[in-house]
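Read the structure below first, then the notes.
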């Protein structure tokens, strides 16, 4: 273990990387749950269920349910004014959301940052709003009713963000004050619920939805929202783990086998002393188990130490409000920790098992004197296994591409089968190619090259090195293409504009002045709603008429609804739209339409915004397909006319793009005029820098995996070259003394490496294309489809760099040939 520390370090590093990636995959579901639970505590107080109902809630809706506490609330938007504040320029222009509930219940459920005691004409406001409006406790703020009559309220409490006060423009007031402002016929639109027994949360949600209509519940412990987040993050890391595992597992196998070859003398000595073959195998395996234990402990411990910063850099936690949520990942799963360490030990013991079993059947004399055959053995069993794996892998590929069978498990199994087929079958491909090349070189009277072809396919070390190279190129190229595609996706501007305005909170008329700003030549507003509920098809529409809340949830189809008059002029993330979209037309991505069973020209009966107050029931014609991958990364996107969109969500654009002569001047003007009505206004350059910064963590992680995989494979190839040459040293001495000069022998070694590398490249590139396509399918399934985009020049440079890197490893045996003492080797013979 310590006689060759560099190789030991590399082997432990391989196991460390696999263990680290394994911990990421198996612990992340636990960590995400902890994050969401901590976030919900900030957003929803002590509640573990959120109930919403556009048609209103009544006490009777909660009868017969598991024991619980609840706070029913109502809410409405209005405009406001601060009397006597000359600096305040938003009079009757900026809307504010007012929440109201029983104040004692709010305190009991911990729905604000501190207990409040509000009289009828008193309110609690967020600290950020108080700072912006220069308000203090005791100051007056006016809210306007539907007739634009002002009602004065006194600021009683100024609190930090939490629960009902989760955004700057939120206010909490008692029910009596809400009745004075909006009338006494208000309805409760939601409830925060704390189910006493956490184990009954699911039962509570199910029972409530089964007994009501028009009510939605969200289980904050194991509900749909939680599961989607957990599954999404876990799937991402499962994909990275699989790629990482395939990058380094073959390196681990190769290094372990090389170490086992060196231990044959020890095995022979132990056998000669009377130790049984099984006992000898256990003694030798102990070293490998030690490698696995050290690597597993280091890798899992490194994950524990770096989990929080990695998660914070790779992912962002968006509350959908102004609350800044912390990534409270909680404790690491002890079961995952122990399981990964045990897995590392088991894998490390399995890697050299083939060589060890051979050793138990080798004579003691051959073990001690290192007379093992260095030729690679081509067996019918290996060929049959590779053909079987290839057939199963191709069958899986066909099923995935034709969508006969879908799911991440099917995609991952197909990838594993194809990789296993390549690993086992590649030596046979190398043998066939080298025989063809040998015949060619014989015809061209190039005996050294012909000899190199023979060596490339017959020597165990040469075959092993070439196989390592093909796996490294294939997996490295897959990861490189995915990484560059992701970077290109994130760095591509979403609009041909100079200024980007996001988070518009008011009606479109509040931003009409954009067109009048000096230097602005064109303005385009984006209208979309990210989580619109649809009910699609005659059967589902009929079922919805009598469905209870639970049955309605099953009928819902969630998509991003986009409203536009026609093809976008500046926005380019949705393409292939016509100049004008009719009120009876809908456009969607072809893959989404196919999944729903519709094609162009079909009429689709549907309810848009099915869970909202202004649901739109229409029969829409699928007028064409649009390309929305760059906008939603594979999520369902439906594009309808702006009139249809506004019928559901009114005139509330979400973002705007401006083309202008002086971007910085326009940014300053919009900040001054509409600072409180938007989330941000940036020049396109600044906006793209912000986008790149948000995605830098994932990009760094991907490129780091590429670098580690290439470096580790390079080290493994160098190790194989060194050990392989030691087994061929006497053969080389005989050749130099009888048939070849040292120069020709060096040339033969270089040609052998060149041939092996070229064959590996030719095989790896198309194989990588297939595997990259499968990983892309996996990303589509978790709605992270950023599209495969291959930059030809960087990809060619990457491939050429790998080629040069691995061909250069032949310099090691060439150096040994130059220094080899012929007499010593011949004396042994």
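Numbering (the numbering used here), first residue to last: 364 to 1192.
Just so it is clear, CB atoms sit at the ideal spot from N, CA and C, and this is done for glycine as well.
(request) Use the C-beta contact count for residue 1182: other C-beta atoms within 10 angstroms, 16 or more gives buried, fewer gives exposed. (result) exposed
(request) Could you please give me the residues that DSSP links to residue 920 through a beta bridge? (result) 897
(message) With three or more beta-carbon pairs closer than 8 angstroms as the criterion, would you say the segment 656-666 touches the segment 693-708?
(response) yes
(message) Starting from residue 431, trace the beta strand (DSSP E) in both directions and tell me its first and last residue.
(response) 431-444
(message) Suppose the cutoff is 6 angstroms on Cβ atoms and the five residues either side in sequence are ignored; what does the same chain contact list for residue 920 look like?
(response) 897 and 899
(message) To the nearest angstrom, how far is the alpha carbon of residue 485 from that of residue 506?
(response) 12 angstroms
(message) Between the segment 1055-1068 and the segment 1037-1045, can you find at least three pairs of beta-carbon atoms closer than 8 angstroms?
(response) no
(request) Determine the contact status of residue 434 and residue 535, defining contact as a CB-CB distance below 9 angstroms. (result) no
(message) Going by DSSP in three states, residue 977 sits in which element: helix, strand or coil?
(response) coil
(message) Going by C-alpha to C-alpha distance, which of 399, 843, 955 and 931 sits closest to residue 766?
(response) 955
(request) Determine the closest residue to residue 563 out of 427, 652, 577 and 614, with distance taken between C-alpha atoms. (result) 427
(request) Write down every uninterrupted run of the beta strand (DSSP E) in the segment 572-612 whose length is 3 residues or greater and which is fully enclosed by it, in chain order. (result) 579-582
(request) Indicate the three-state DSSP secondary structure (helix, strand or coil) for residue 514 in the structure shown. (result) strand
(request) Please confirm whether residue 745 and residue 787 have their CB atoms less than 9 angstroms apart. (result) yes
(message) Less than 7 angstroms between C-beta atoms, sequence neighbours within five positions excluded: which residues of the same chain meet that for residue 439?
(response) 461 and 545
(request) Just confirm the distance between the C-beta atoms of residue 469 and residue 480, as a whole number of angstroms; I'd bet it's less than 8 angstroms. (result) That pair is no contact at about 11 angstroms.
(request) Assess, as a yes-or-no matter, whether the segment 1092-1103 is touched by the segment 789-799 under the definition of 3 or more beta carbon pairs within less than 8 angstroms. (result) no
(message) What does the alpha-carbon distance come out to for the pair residue 883 and residue 1009?
(response) 26 angstroms
(request) Look up residue 1046 in the DSSP assignment and give the residues it is bridged to. (result) 862
(request) Jot down the residue ranges of each uninterrupted alpha helix (DSSP H) in the segment 454-480, minimum 4 residues, whole runs only, in chain order. (result) 466-471
(message) For residue 597, count the other beta carbons within 10 Å of its own beta carbon; 16 or more makes it buried, fewer makes it exposed. Which is it?
(response) buried
(request) State the Cα-Cα distance for the pair residue 895 and residue 916, rounded to the nearest angstrom. (result) 13 angstroms
(message) Nearest by alpha-carbon distance to residue 1179: which of 1095, 1130 and 1117 is it?
(response) 1095
(message) Quick check on residue 1176: buried or exposed, where buried means 16 or more other Cβ atoms within 10 Å of its Cβ?
(response) buried
(message) Please confirm whether residue 556 has its beta-carbon closer than 9 angstroms to some beta-carbon of chain D.
(response) The chain inventory of the structure shown lacks chain D, comprising one protein chain alone.
(request) Answer yes or no: do residue 790 and residue 830 have a C-beta to C-beta separation smaller than 9 angstroms? (result) yes
(request) Please state whether DSSP places residue 549 in a helix, a strand or coil. (result) coil
(request) Report the three-state DSSP secondary structure of residue 734 (helix, strand or coil). (result) Note that residue 734 scores 48 on pLDDT, short of 50, meaning its location in the model is unreliable; the coordinates nonetheless yield the value given after this. The answer is coil: DSSP assigns residue 734 none of H, G, I, E or B.
(message) What residue range does the alpha helix (DSSP H) around residue 816 cover?
(response) 810-821
(request) Rounded to whole angstroms, what's the CA-CA distance from residue 1077 to residue 670? Just pull it up for me. (result) 28 angstroms
(message) Among 995, 842, 777 and 1105, whose alpha-carbon lies nearest the alpha-carbon of residue 924?
(response) 995
(message) List, from N- to C-terminal side, the alpha helix (DSSP H) runs of 4 residues or more that fit wholly inside the segment 978-1059.
(response) 992-995, 1005-1012 and 1026-1037
(request) Enumerate in chain order the residues of its own chain whose CB-to-CB distance from residue 1145 is below 6 angstroms, with the five nearest sequence positions on each side excluded. (result) 595 and 598
(request) Sort 510, 500, 445 and 526 by Cα distance to residue 1204 and report the nearest one. (result) In the structure as shown, the chain starts at 364 and stops at 1192, and residue 1204 therefore has no counterpart that could be examined.
(request) Return the chain-ordered list of same chain residues with a C-beta closer than 6 angstroms to the C-beta of residue 1014, the five sequence neighbours on each side being excluded. (result) 870 and 871
(request) From the DSSP output, in three-state form, read off residue 807 for me. (result) coil
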